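Everything below concerns the one structure shown next.
So, in structure tokens, the structure goes:
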């Protein structure tokens, strides 16, 4: 083997660079071939050979060599994917020709499409990774779903969330269904604070916590402590819906409250913040009971926020509210109203 290729790969790469500058394609091809033969599994050599092929316009061969290089270098995914992206400008080409079927490569490409604010391309990358059943980290998955929701792709987010929850241990207990569109409806799983699970934002005069000692149907419930004039509990969930469709929403609640204008189950358009539905209030000391009602989604609504609010909220209130078994389903055959407004 030494007699056939007596020089190291670096030598042949230097010669290839010189031939490339001189426009001597025949010798360039020979030098590239010998460099590869000298170090067929060296990532740096594969990288340089790929660049030489790209410089001379052989994009297909350059991408093939980049793909091979990526399989031998787990610490350079971002660098490789960014180069493939710059070369092709096409996520379809990168998926088809450039990246191997490994999670790190798809993760880098997904992050790049999100950074470049290209939701359609991000959906393609996620769908391709999904078809290969590639694992994704929880934090990365939540960032992706938040990106879709922020870009108005609620339907894509719902479909891909359901499928991902169906096969990935990351979201195995966070699925939704047509029987209940709410994720984690009994608050038995840790709140993910992102994606289609519950989210929590700090709210004035209100605090929330999981209460494993109190529930109506499961192992836990959500406990809300109110003291002052809170307008919002701070806990909410974003739920993709179909415009113009009637829905039935309900929650089991229990209360130990002093004051008037108690908490209510509410639905808002997540994009416009228009209030769509407001349930009856919960007041005084009550045992477990159901609150809720039926509403019709506006013709432009595709994503709602389910919240616990007070309206009006200017009066003082103190005490606790527990919530369990939140349910949202289509109300087939029912003419939807707007609920208490």
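Numbering (my numbering), first residue to last: 443 to 783.
C-beta atoms are modelled at their ideal positions from N, C-alpha and C, and glycine is treated no differently.
Treat the numbers as computed from the prediction; the structure is a model and nothing was measured.
field: residue 699: first and last residue of the uninterrupted alpha helix (DSSP H) it sits in
entry: Residue 699 -> not in any alpha helix (DSSP H); beta strand (DSSP E) instead, spanning 688 to 701.
message: For residue 539, tell me which candidate among 682, 565 and 503 has the shortest Cα-Cα distance.
response: 503
message: So, at 6 Å on beta carbons, what are the nonlocal neighbours of residue 656 in its own chain, with the 5 sequence-adjacent residues on each side left out?
response: 663 and 764
Euclidean distance between Cα positions of residue 461 and residue 534: 32 Å
field: For residue 733: DSSP bridge partner residues
entry: 693
field: contact_flag[the segment 585 to 593, the segment 613 to 626] where n(CB pairs < 8 Å) is 3 or more
entry: no
task: Return the chain-ordered list of same chain residues with a C-beta closer than 8 Å to the C-beta of residue 620, the five sequence neighbours on each side being excluded.
output: 771 and 772
- prompt: Going by other Cβ atoms of all chains shown within 10 Å of its Cβ, with 16 needed for buried, is residue 639 buried or exposed?
  reply: buried
task: Closer than 6 Å by C-beta to residue 600: which residues in its own chain qualify, once you throw out the five before and the five after it? Chain order, please.
output: 682
field: Coil, strand or helix - residue 714 by DSSP
entry: coil
task: Provide the residue span of the beta strand (DSSP E) that contains residue 676, from first to last.
output: 674 to 682
query: Helix, strand or coil: how does DSSP classify residue 772 here?
result: strand
- prompt: On the three-pair Cβ rule with 8 Å, is the segment 717 to 724 touching the segment 667 to 682?
  reply: no
query: Is the segment 723 to 739 in contact with the segment 643 to 652, if contact means three or more CB pairs nearer than 8 Å?
result: no
message: Taking only three categories from DSSP, how would you classify residue 554?
response: helix
query: Which stretch, first to last residue, makes up the alpha helix (DSSP H) that contains residue 609?
result: 596 to 609
query: How close, in whole Å, do the beta carbons of residue 704 and residue 732 come, if the pair is a contact with beta carbons under 8 Å?
result: In fact, because the Cβ distance is near 15 Å, the residues do not count as touching under 8 Å.
- prompt: Taking all protein chains shown into account, do 16 or more other C-beta atoms lie within 10 angstroms of the C-beta of residue 563, making it buried, or fewer, making it exposed?
  reply: buried
message: Quick check: what's the CA-CA separation for residue 749 versus residue 581?
response: 24 Å
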